[in-house]
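K.L.:
Structure incoming, see below.
Residue numbers (the numbering used here), protein chains in the order written: chain A, 6 to 120; chain B, 365 to 475.
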């Protein structure tokens with residue numbers, strides 16, 4: 006079974022440009038999460054989808070970030086326009102919707118560098 | 365709000381040495397606790413978890429016990445191998461929801 010897949014694995018863009026990250030969760034996982042790790046600090050929550058609906062977007066840093074999950078399948082995270090402080094590793098995770106403590110499965114991450 | 369504090373690294377050990385990585389947390393209610401590991405070039409993997417006080421999670425020779433009285437979840441292994449070299453993250457989750465992570469601890473094991 007395929008795991009969580011993220012594209013691209015690396016992206017280097019100039020300040021002011023737009024970048025779109027993609028995440029394909031494990032098939033059948035209703036929960037999809039985006040996280041970010043900046044400069045070797047803690048991994049921080051960005052937002053949570055349940056199917057196609059945003060359940061919690063309290064971690065989104067500002068309105069330059071837009072996340073979508075079309076049809077409850079894959080998700081995209083767009084940064085427009087990118088700023089230097091957006092550099093970091095963006096992780097996606099998915100989990101089932103049942104069970105008291107469903108395990109979150111993570112992708113390999115997208116390393117974003119804004120120059 | 366919820367938070368996790370773990371010891372800073374890097375931690376450098378010789379093969380077969382004993383490992384402890386400290387983790388303490390602050391949370392409302394009764395969170396579940398986790399250790400995730402990121403091997404070089406790979407994504408995060410769940411290493412072990414504990415869902416209630418005094419539970420012990422274990423996997424691949426690693427152990428951690430949920431200590432509510434000290435709000436801790438320290439990771440231990442009796443004899444580390446070079447293949448254990450990775451970044452280790454302590455995390456918590458309330459109500460089976462989003463994860464709150466610590467800053468990560470780099471472990472380097474020398475042969």
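Note that beta-carbon positions come from the ideal geometry of N, C-alpha and C, so glycine has one too.
On the three-state DSSP scale, how would you describe residue 384 of chain B?
P.N.:
Note: residue 384 of chain B maps to strand in three-state DSSP.
K.L.:
Whose C-beta lies closer than 8 Å to the C-beta of residue 455 of chain B among residues of the same chain, with five residues either side of it excluded?
P.N.:
368, 397, 398, 399, 400, 463, 464, 465, 466
K.L.:
Answer yes or no: do residue 94 of chain A and residue 42 of chain A have a C-beta to C-beta separation smaller than 8 Å?
P.N.:
In this structure, residue 42 of chain A lies closer than 8 Å to residue 94 of chain A by Cβ.
K.L.:
Thinking just about the alpha-carbon of each residue, which of B/366, B/378, B/372 is nearest to the one in residue 447 of chain B?
P.N.:
B/378
K.L.:
Would residue 125 of chain A count as contacting chain B if we go by Cβ distances under 8 Å?
P.N.:
Given that chain A is displayed from residue 6 to residue 120, the structure contains no residue 125 of chain A and the question cannot be resolved.
K.L.:
By alpha-carbon positions, which one of A/109, A/120, A/117 ends up nearest to residue 9 of chain A?
P.N.:
Nearest option by C-alpha distance: A/109.
K.L.:
Between the C-alpha atoms of residue 375 of chain B and residue 427 of chain B, what's the straight-line distance to the nearest angstrom?
P.N.:
17 Å
K.L.:
Return the first residue and the last residue of the beta strand (DSSP E) that residue 53 of chain A is part of.
P.N.:
48 to 55
K.L.:
At what residues does the beta strand (DSSP E) containing residue 25 of chain A begin and finish?
P.N.:
24 to 29
K.L.:
Between residue 417 of chain B and residue 432 of chain B, which are expected to be in contact by the criterion C-beta below 8 Å, what is the C-beta distance as a whole number of angstroms?
P.N.:
4 Å
K.L.:
List, in order along the chain, the chain A residues whose C-beta lies closer than 7 Å to that of residue 396 of chain B?
P.N.:
106
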